[in-house]
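J.:
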Amino acid sequence: MGHDVAELDAHDFPSELVSCRERHTLHYPNLPGTRASPSPRCLFWEVFLNMHRNRHYLLPLLIFAGICPGQNPTAGKFFIVGMGTAPDLMTIRAQNTIARADVLLAEEGAIPLLWPKLAAGKEVWEYPHSLRKFYGAKPESLADPKQHAEARQLEQVRRNLTAKIVAAVKAGKTVANLQSGDPMMYGMTLFLELLPPGIPTEIVPGVGAFQAASAALKRSPPYGYDTNAVILTMDDWPGRVDTNEKLMAGGSTLVFYTMNLDYPRLFGSLKRHYAADTPVAIVCDAGDPARERVIRSTVSRFLAEVDFKALPVNRHLLFVGKFLEVGQKRKDFTPQITDPEKPH
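Going by this note's numbering, 15 is the number at position 15 of the sequence shown; the sequence numbering is gapless.
1) Among Gln328, Ala286 and Pro116, whose alpha-carbon lies nearest the alpha-carbon of His316?
2) How is Ile282 classed by DSSP in three states: helix, strand or coil?
3) Mind checking Ala94: buried by the 16 CB within 10 Å criterion, or exposed?
4) For Gly251, write down the residues that DSSP places opposite it in a beta bridge.
5) Expressed to the nearest angstrom, what Euclidean distance is found between the alpha-carbon atoms of Cys68 and Gln153?
6) Within the continuous alpha helix (DSSP H) that includes His148, where are the two ends?
7) Considering only C-alpha positions, which residue in the set Ala120, Ser220, Gln147 and Ala167 is nearest to Lys133?
8) Can the beta-carbon of Glu126 be found less than 8 Å from the beta-carbon of Val103?
9) Assuming Val210 and Met234 make a contact with CB atoms under 8 Å, what is their CB distance in whole Å?
10) According to DSSP, is Arg272 part of a helix, a strand, or is it coil?
11) Ignore the nearest five residues each way along the sequence and tell me which others in Pro197's own chain have a CB closer than 8 Å to its CB.
12) Quick check on Arg132: does DSSP put it in helix, strand or coil?
13) Counting beta carbon pairs with one atom in the region 178–194 and one in the region 222–230, are three or more of them shorter than 8 Å?
14) Among the candidates Pro128, Glu245, Thr85 and Asn96, whose CA atom is the shortest distance from the CA of Gln156?
15) Measure the Cβ-Cβ separation of Ala281 and Phe319 and say whether it is below 8 Å.
16) Buried or exposed: Gln328, going by 16 or more other Cβ atoms within 10 Å of its Cβ?
17) Does the count of Cβ pairs from the region 73–84 and the region 163–181 closer than 8 Å reach three?
18) Considering Cα atoms alone, identify which of Gly239, Ser214 and Asp262 is closest to Leu324.
19) Take Asp262 as the anchor and find which of Gly250, Ala229 and Phe308 has the nearest alpha-carbon.
20) Return the chain-ordered list of same chain residues with a C-beta closer than 8 Å to the C-beta of Thr253, the five sequence neighbours on each side being excluded.
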């Protein structure tokens with residue numbers, strides 16, 4: 001309509017409203033000055049006019065209430081939720097997200113093992129640990145028949161799961177994918193790439209193994225006496241360009257996520273680039289107060305004194321670097337504080 005409410009006249013509203021206003025000075029029969037009780041239809045148009053007249057005041061209230069015009073209060077959403085490395089490291093945001101979720105999604109066996117109480121009264125979906133295997137590869141390019149068949153199967157699993165998530169979100173449901181630690185560090189984030197752009201998504205960060213393990217070591221990895229870089233990496237795999245051998249050339253602090261880590265090969269490379277007495281540490285079950293433990297050694301002694309084959313699979317990190325001993329001491333540090341009011 002475009003004009004201010006003061007300019008509205010009888011042409012802007014149905015004739016029924018005009019006649020109502022002519023017949024009734026007030027629409028409340030129990031108050032002085034009332035001529036008659038209005039009909040329900042008259043009341044409707046009177047309320048409509050009052051709302052239009054006060055629309056500039058109503059809109060902020062609607063926005064504050066979360067029902068701004070154009071919004072769907074029942075819209076669904078897909079979450080990836082970082083669960084931390086231990087139950088008591090789950091964030092409040094993660095708890096709140098799970099509480100309002102209709103569907104919980106996780107790797108096979110994870111919910112019964114790690115978060116059984118959180119699934120009460122909720123629908124639970126699972127996906128295989130190998131879900132991202134062959135992700136990004138074209139099945140027809142694989143010469144091995146078994147690999148070709150597996151790639152096709154996993155591609156279909158991903159497609160079906162994505163379709164289920166889309167259908168649930170469009171139906172107004174909240175789907176929460178629960179992942180240990182922080183999902184943005186070697187987590188299963190391919191859903192964010194497979195879901196169509198119109199599906200709302202959100203990541204709830206978690207306390208990851210790197211942060212929890214650093215806390216267990218009681219040292220800050222970025223401080224390395226004469227280094228500042230921290231490289232988070234894993235074992236080499238076929239086709240990788242930034243191999244660990246290349247990453248070691250700068251002498252930076254290294255943190256290895258140890259999935260399928262070949263320790264003899266790795267320490268063979270470390271001995272070529274790091275001093276023999278460079279400290280190393282293994283942190284198992286980081287953040288878990290009942291199971292967490294730290295194993296310390298050096299580049300030269302590790303293979304001889306650490307039973308690496310007995311380490312808990314996928315539940316330990318390897319740290320390599322001077323920071324383990326020197327702490328925050330720096331080679332180039334000289335006091336330069338001239339203004340005590342300015343913190344450094």
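Just so you know, even glycine gets a beta-carbon here, dropped at the ideal spot from N, CA and C.
In this text, all values refer to a predicted model and were calculated from it rather than measured experimentally.
T.: A quick look at the data gives this:
1) To locate residue 316, count along the sequence shown from 1; it is residue 316. Of Gln328, Ala286 and Pro116, the residue nearest in Cα terms is Ala286.
2) For the purposes of this step, residue 282 is taken as residue 282 along the sequence shown, with counting starting at 1. In this structure, Ile282 counts as strand in the three-state DSSP scheme.
3) Walking along the sequence shown from the start, residue 94 turns up at place 94. With 16 or more Cβ atoms within 10 Å of its Cβ, Ala94 is classed as buried.
4) Against the sequence shown, residue 251 aligns to sequence position 251. Note: Gly251 sits in no beta bridge, so no partner.
5) For this step, residue 68 is matched to residue 68 along the sequence shown. For this step, residue 153 is matched to residue 153 along the sequence shown. At Cys68, the pLDDT of 47 sits below 50, so the modelled position is not reliable and the matter cannot be decided from this model.
6) Position 148 of the sequence shown, counted from the start, is the residue given in the question as residue 148. Where His148 is concerned, the enclosing alpha helix (DSSP H) stretches over Pro145 to Lys170.
7) The residue labelled residue 133 in the question sits at position 133 within the sequence shown. With distances taken between Cα atoms, Lys133 lies closest to Gln147.
8) Translated into the one-based positions of the sequence shown, residue 126 becomes position 126. Translated into the one-based positions of the sequence shown, residue 103 becomes position 103. No, these two residues do not count as a Cβ contact at 8 Å.
9) Taking the first residue of the sequence shown as position 1, residue 210 is located at position 210. Taking the first residue of the sequence shown as position 1, residue 234 is located at position 234. Residue identity differs from the one stated: residue 210 is Phe in this sequence, not Val. The pair is not a contact, with the Cβ atoms about 12 Å apart (cut-off 8 Å).
10) Position 272 of the sequence shown, counted from the first residue, corresponds to residue 272. Arg272 falls in the helix class under three-state DSSP.
11) Along the sequence shown, one-based indexing puts residue 197 at 197. Nothing listed; no residue qualifies.
12) Here the question's residue 132 lines up with position 132 in the sequence shown. Looking at Arg132 - three-state DSSP - the assignment turns out to be coil, as it is neither helix nor strand.
13) no
14) The residue labelled residue 156 in the question sits at position 156 within the sequence shown. For the residues Pro128, Glu245, Thr85 and Asn96, the minimum Cα distance to Gln156 belongs to Pro128.
15) Indexing the sequence shown from 1 puts residue 281 at position 281. Indexing the sequence shown from 1 puts residue 319 at position 319. Cβ distance < 8 Å, so Ala281 and Phe319 count as in contact.
16) Here residue 328 corresponds to residue number 328 of the sequence shown, with the count starting at 1. By the 10 Å Cβ count, Gln328 comes out exposed.
17) yes
18) If you number the sequence shown from 1, residue 324 lands on position 324. Of Gly239, Ser214 and Asp262, the residue nearest in Cα terms is Ser214.
19) On the sequence shown, position 262 is the one that residue 262 refers to. With distances taken between Cα atoms, Asp262 lies closest to Phe308.
20) The residue labelled residue 253 in the question sits at position 253 within the sequence shown. If we look at Thr253 and ignore the five residues flanking it on each side, its Cβ neighbours are Pro221, Pro222, Gly224, Thr227, Ala229, Val230, Ile231, Phe319, Val320, Gly321, Lys322 and Phe323.
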